[in-house]
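Please read the structure below before turning to the comments.
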């Protein structure tokens with residue numbers, strides 16, 4: 001499967017990719033984007049199956065990115081990896097169509113739990 | 001607003017051990033950055049019902065060590081940009097987790113990072129409400145929460 005990692009921090013993108021490998025998903029194809037706007041362009045070019053996105057980003061934040069994708073009929077798996085996991089944010093994410101919200105700092109187990117059913121299948 | 005020191009300590013130590021795999025421990029003695037040496041500060045502003053900022057102060061050498069761990073490279077290979085990115089993201093994670101202790105609806109800014117020698121950070125109308133000192137791999141780190149009153 002094709003996995004797109006979207007985060008304005010290059011360091012965090014590397015950690016997400018490393019954690020994906022630790023969770024046993026290292027054989028999937030991956031690409032990176034630095035914000036929602038760049039992410040949306042990559043979705044159009046590359047059509048990923050899974051998107052793992054930060055929330056708090058410049059240019060186009062994660063929620064705006066998700067809303068744009070849903071408006072275009074994106075049917076893949078979209079989840080947030082973010083520093084904030086308040087009940088309000090979690091509710092907002094789910095109402096907008098996100099499949100999961102993982103809070104930073106995270107472990108490989110968090111990724112296995114949320115992505116396993118899709119990526120292991 | 002009073003922050004529980006145990007909560008802040010748990011947030012900081014979880015982030016540094018989970019993300020960086022570095023040993024970090026809160027210390028009760030006063031922790032100070034080495035005078036006359038370059039250091040860096042990461043800052044995130046929080047706005048809403050509670051207003052203030054979360055800051056992390058680190059000597060240059062500790063940020064370099066942290067960036068090397070984050071990027072999986074040697075300390076010699078780490079660039080200035082990667083050091084700023086690392087401290088910004090560490091501050092972002094700290095502030096995001098502290099935001100969960102605040103009233104609902106507060107929002108955090110994007111991180112900013114500054115560096116220099118013997119500088120002081122102030123927020124107009126702000127005061128430090130919580131400050132914790134840590135030792136990480138033999139180097140000091142200070143986490144401070146400033147409230148705008």
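Protein chains in written order, with UniProt numbering: chain F, 1 to 121; chain S, 1 to 149. Don't be surprised by glycine CBs; every beta carbon is placed ideally from N, CA and C.
* Please classify residue 88 of chain F: is it buried, with 16 or more other beta-carbons within 10 angstroms of its beta-carbon, or exposed? => exposed
Is residue 23 of chain F a contact residue of the ligand PLP, with contact defined as CB to any heavy atom under 7 Å? In the structure on display, the ligand PLP does not appear, and there are no ligands present to speak of.
### Message
Which complete beta strand (DSSP E) runs does the segment 2 to 87 of chain S hold, if anything under 3 residues is left out?
### Response
24 to 27, 38 to 47, 52 to 59
Report task. Can you tell me which of S:137, S:129, S:149 puts its alpha carbon nearest to the alpha carbon of residue 5 of chain S? Result -> S:129
Worksheet entry | Chain-ordered chain S contacts of residue 107 of chain F [CB-CB under 8 Å] | 18
>> Looking at residue 99 of chain F: is its Cβ nearer than 8 Å to the Cβ of residue 77 of chain F?
In response: yes
Practice task
Taking C-beta pairs closer than 7 Å, name the residues in chain F that residue 100 of chain S reaches, listed in chain order.
Solution key: 84, 85, 86
Note the first and the last residue of the continuous alpha helix (DSSP H) segment covering residue 62 of chain F.
-> 62 to 71
Across the segment 2 to 17 of chain S and the segment 80 to 98 of chain S, are there enough close Cβ pairs to call them in contact, namely three or more that are closer than 8 Å? yes
Subject >> Three CB pairs or more closer than 8 Å across the segment 35 to 53 of chain S and the segment 102 to 120 of chain S >> reply: yes
- Query: Considering only the beta carbon of each residue, do residue 49 of chain S and residue 88 of chain S sit closer than 8 Å?
  - Reply: no
Just list the residues that DSSP pairs residue 58 of chain F with in beta bridges. Paired residues: none, contrary to the question.
Contact set for residue 34 of chain F: own chain, Cβ-Cβ below 7 Å, skip 5 residues either direction: 8
Check: Given a threshold of 16 other Cβ atoms within 10 Å of its Cβ, counted over all protein chains shown, does residue 55 of chain F qualify as buried or as exposed?
Finding: buried
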